[in-house]
Every structure is written in structure tokens, then in C-alpha cells.
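Numbering (this note's numbering), first residue to last: 9 to 567. Since the structure comes first, as C-alpha cells, the remarks are kept for the end.
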Ligand SMILES: [Zn+2]
């Protein structure tokens with residue numbers, strides 16, 4: 009361990025927590041953590057700022073800076089002696105302090121992922137950054153004219169002209185062909201790195217370092233396929249009839265561009281009414297600010313630092329970003345006053361409150377969500393409200409009559425939306441698993457095989473292209489998509505627990521979640537505050553009385 013220079017400067021709080029009761033190994037680990045955080049925290053703050061600047065301006069200088077900083081951070085974690093030290097400590101069984109053991113787990117998996125030769129690491133980060141830059145600066149083409157993503161969405165959600173829809177849908181996929189060679193290079197580099205660590209491919213490595221198991225994921229997805237297949241086919245046949253009637257064609261002639269989303273991952277707004285009507289004269293930013301304040305999870309400071317509106321050269325989607333684990337949390341959106349953006353801002357602010365309301369006394373390594381899917385769960389829990397009739401009535405000051413009108417369709421939207429999402433997540437999970445198992449296979453046709461199987465959408469005529477690669481997740485969040493599904497499962501589990509145990513109600517019939525501080529108190533105490541203090545499944549068990557289960561999701565949406 010002489011390779012490491014320990015800066016032993018425990019804070020007063022740390023001394024209280026980690027006083028004399030610790031054994032030699034625990035003291036060694038604490039020293040390691042202190043020195044590690046002293047190196048990594050400033051780099052991480054700088055990288056976070058570079059990421060923010062890159063996303064808001066699209067400028068390559070920020071992408072370069074981000075890339076350089078990421079390489080420096082990963083280089084620290086690629087140190088083989090330190091990795092061996094952490095591995096030995098874990099195997100020694102001597103780290104009995106639970107808070108230290110959690111930090112050790114996080115460090116160990118962080119180092120494990122980066123045990124590869126430095127040249128390979130650098131190439132991975134470079135290719136990754138190159139793709140993101142191309143993606144961010146790419147604009148799809150509609151009849152020789154550049155189109156923004158917002159424009160494409162508008163056409164896909166409103167246009168009745170089929171030719172126009174087809175062109176917009178194709179424009180949304182063009183970036184796939186532009187980045188496919190880089191993406192396949194990246195997949196192969198990631199696989200090479202995983203194999204050097206003894207894993208069969210990068211997908212397996214990701215799941216294991218994410219503290220999850222492949223068998224468990226396969227089991228959850230198999231079960232969901234079984235339970236949602238029939239309800240989905242029924243709901244989709246109904247939708248197809250409505251869509252086909254609207255276009256004046258037969259259901260059998262529906263193509264991917266007839267649905268209202270490039271990947272059919274969201275419910276088309278085609279039933280009796282369009283929920284956008286209720287939002288078009290409102291301000292979704294203001295609604296979200298008022299809403300979160302009402303449940304005791306104020307977000308005014310977050311919104312003040314955020315970048316909320318559409319602009320040339322800016323990242324076209326949305327995200328939440330914790331810049332320093334000390335309260336500088338920001339979101340990026342491209343807001344319009346529509347239901348989709350109402351959902352998105354509620355969702356991103358859900359991530360943001362998870363970052364903001366951590367317990368500041370927890371050590372730096374634990375001032376993070378318990379898992380990436382637990383922060384998705386909180387984001388989804390709030391994102392679902394944009395279609396919830398009781399929530400809409402209170403927030404938008406609607407009459408009982410209007411609420412009933414919304415209820416008649418929103419139930420269906422929610423149900424369909426969730427079941428549809430489960431089917432879409434199956435496409436992503438299974439595709440990515442196979443992508444990493446064999447990147448040289450005919451991926452373009454594999455993609456459509458899975459879309460036909462799980463989403464019941466027909467492939468377009470002609471040779472299959474790499475449109476699938478336009479899903480940026482393959483680049484920026486590889487082997488991550490299953491976490492969105494786990495997030496939905498947990499959002500349902502939390503909903504069930506809050507309604508029945510926190511509010512003490514028999515049903516969720518009149519639950520609007522508006523203005524009830526018990527919701528904010530519960531979430532701060534059980535979920536947001538502890539951060540990564542517990543393994544994700546321990547946190548869930550502490551917060552809801554049982555480990556993660558799909559039963560509340562199925563009960564809520566697929567029965
Ligand atoms: Zn999210």
C-alpha cells in the first residue's frame with residue numbers, strides 16, 4: 009500500500025463516527041477513502057460542470073474537457089494495487105462497520121470496471137465523446153430542410169398527412185446511420201475491456217458491477233412478458249383501430265410512423281380527448297415549482313439554476329444533473345406547455361430532489377441515490393402525475409365534470425402507457441443483451457424481430473437500416489435500460505406503500521398527492537435522505553417492508 013499517499017485528515021464528524029471502535033482494517037479503509045475522495049471530488053465537480061456546459065452550448069471545447077476529466081477520474085480507479093487492496097479488504101470480512109462496508113462496495117465496483125489497460129480506457133472515452141458530439145449536432149432532414157427534435161415530435165403527434173409523418177419518422181432515425189460505425193467500435197471496445205476482466209461481455213460486466221444479477225433480470229423480464237403480453241395485445245388492437253380510422257386506412261396497413269413516437273415508447277394521444285388541451289394555456293415550469301413546494305420538497309433553487317427552453321445547439325432532450333453533491337442540482341429541458349413536457353419536468357425534478365435532499369452528514373461516496381433505478385423510480389413516481397385526473401383537477405383547477413372526463417381516458421392512458429413501456433423495455437433489454445453477445449450479427453434485422461415480437465409493430469418495407477442506433481442510450485447509458493423498468497416496478501411499490509401505510513387509505517381513488525407534506529417527509533426520511541447508505545434492496549425493504557417486487561406494478565396496470 010505504499011503507492012498511496014494518505015492525507016489523514018478526518019473531519020470532526022468523521023472522528024465521532026469512526027472513533028476508536030474501529031479495527032485496523034477499518035482504519036486503513038477510512039484513510040484510503042479520505043485520500044481517494046480528496047483526489048476524486050474536485051475532478052468530479054469539474055467534470056460535472058464541463059458536462060453541463062457541453063450540453064447547454066454544444067461546444068466541442070467542453071466536450072474535450074469532459075473527455076479529459078473522465079479519463080483522469082477513470083485512471084485513478086484503474087490503479088491495480090488499489091483495486092487489489094479493496095478486493096482483499098472485502099474478502100477479509102473485517103469491515104464490520106456498515107457505512108464503511110457500503111463505501112467499500114461502491115469503491116470496489118468502481119475500480120473493477122476500470123481495471124483495463126490505459127490505452128483502451130482512453131479510446132473508449134474518446135469514441136463515446138465523439139458519438140455524443142455528433143449526436144448533439146445532428147439535425148434530421150425533411151425534404152432537404154433541417155428539423156429539430158421538437159418539430160419532429162410535433163409532426164408525429166399531430167400531423168394527419170401520412171407522407172409527412174413518414175418523412176418525420178425517418179428524419180428521427182437518420183442519426184443512427186451517421187453514428188453506427190462509431191457505436192459498433194465502442195461496443196467492441198467495451199467488450200474487449202470486459203473480457204480482460206474475465207467477463208464474457210460488457211453486458212454481463214455492467215449488470216454485475218451494478219450490483220444486480222443476470223438471472224434475476226431475466227426472471228423479471230420473462231415474468232413481465234408473460235403477464236403483459238395478453239393485455240398489451242388487447243389494448244394495442246383497440247389503439248390500431250382508432251389510429252387506422254383516423255388515417256382512413258386498414259389496421260393491417262399501419263406502419264411505425266403512424267404511431268406518435270419514433271420508437272412507440274409512449275401512448276399516442278388518440279382517445280376521446282387530448283390531454284395537451286389542459287396544459288396549453290398553463291406554464292408547466294410554474295406548475296412543477298408550486299407542486300413540489302406543496303409536498304415539502306421545494307425546487308425553486310433547482311429551477312433557478314436550470315436551463316429549461318429549446319435553443320439552437322443545445323442538447324435536445326432532458327436530464328437532471330447533480331454538480332457537486334452539495335446542493336448544486338440543475339435540470340435541462342426543452343419545455344413546451346404540453347402534457348409530455350409536464351411529465352418530463354416532473355420526472356427530471358424527481359431525480360433532482362433525490363440529489364438535493366440527501367443527508368449532508370453522509371460521506372461523499374454515499375451522497376448518491378441507492379441505485380440508478382431507485383432515482384428513476386422517484387422520477388417516474390412524480391412523472392406519472394401529469395396524467396393523473398385527481399392531480400390534474402387540483403393543479404389545473406378543473407371542475408368535477410372535467411375531472412370525470414379525464415378519468416375516463418386517463419386510466420386507459422396510464423394503463424396502456426405502462427404496459428406499452430414494459431413491452432418497449434423488453435425490446436431494449438433483449439436487444440442490448442444480444443448486441444454485446446455478438447456485435448457482428450445482423451443487428452438491423454434483429455432489432456425489427458424484437459420490435460415485431462414485443463411491440464407488435466411491423467417493420468417498414470425495404471432493407472433494415474441502423475435507425476435503432478438513434479436511441480442515444482446505446483451510447484451514453486449502455487446496458488442500463490432495464491433500470492427504467494425496475495424503476496417503474498419500484499414506483500408502483502412506493503405508491504402502494506404510501507397510499508396504504510403512509511396515508512392509511514384503503515384505495516388510491518382520491519389520492520392526488522397534492523399539498524400533502526406527509527409524502528415529502530416519508531420520501532426524505534426513507535429514500536432521499538439515506539442516499540446510497542444501504543444496498544438498493546435493503547433500502548427498499550426498509551422503506552416499504554419488502555424487497556423489490558413486480559406484483560404492485562402488475563396489480564396497478566396489467567390486471
Ligand atoms: Zn429519468
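Cβ coordinates follow ideal geometry from the N, Cα and C atoms, glycine included.
- In the structure shown, residue 448 adopts coil according to DSSP, grouped into three states.
- In this structure, the CA atom of residue 202 is about 19 Å from the CA atom of residue 449.
- The way I'd put it, the region 421–431 doesn't touch the region 204–213; fewer than three beta-carbon pairs between them come closer than 8 Å.
- Every alpha helix (DSSP H) of 4 residues or more that sits fully in the region 296–371 is shown, in chain order, as 308–313 and 347–364.
- For the 8 Å CB-CB criterion, residue 129 and residue 34 do not form a contact.
- Listed in chain order, the non-local C-beta contacts of residue 560 below 6 Å within the same chain comprise 500, 501 and 504, local neighbours out to five positions each way being set aside.
- The count of Cβ pairs closer than 8 Å, one atom from the region 253–272 and one from the region 411–419, stays below three, leaving the stretches out of contact.
- In chain order, the residues that have a beta carbon nearer than 6 Å to some heavy atom of ligand 1 are 355, 359, 384 and 387.
- According to DSSP, residue pairing for residue 153 in a beta bridge involves 150.
- In the structure shown, residue 278 adopts coil according to DSSP, grouped into three states.
- In the DSSP assignment, residue 483 falls within the alpha helix (DSSP H) that extends over 481–484.
- Taking C-beta separations shorter than 8 Å and ignoring five residues to either side along the sequence, the partners of residue 254 in its chain run 168 and 278, following chain order.
- The residue among 150, 423 and 334 with its C-alpha nearest the C-alpha of residue 49 is 334.
- In the three-state DSSP reduction, residue 221 falls in the coil class, being neither helix nor strand.
- The region 297–307 makes contact with the region 516–533: 3 or more CB pairs, one atom from each, lie closer than 8 Å.
- The beta carbons of residue 217 and residue 120 sit about 6 Å from each other, so the pair counts as a contact at 8 Å.
- Boundaries for residue 125: no alpha helix (DSSP H) harbours it, and the DSSP string shows neither H nor E there.
- Judged by beta-carbon spacing, residue 292 lies within the 8 Å limit of residue 345, meaning their Cβ atoms are closer than that value.
- Within the region 147–203, the runs of beta strand (DSSP E) at least 3 residues long that lie entirely inside it are, in chain order, 148–150 and 153–155.
- A distance below 8 Å between beta-carbons, with the five flanking residues on each side excluded, links residue 391 to the following residues of its chain, in chain order: 351, 352, 354, 355 and 358.
- The three-state secondary structure of residue 553, taken from DSSP, is coil.
- Residue 378 is classed as buried because its beta carbon has at least 16 other beta carbons within 10 Å across all chains shown.
- The straight-line gap separating the alpha-carbon atoms of residue 36 and residue 103 is approximately 10 Å.
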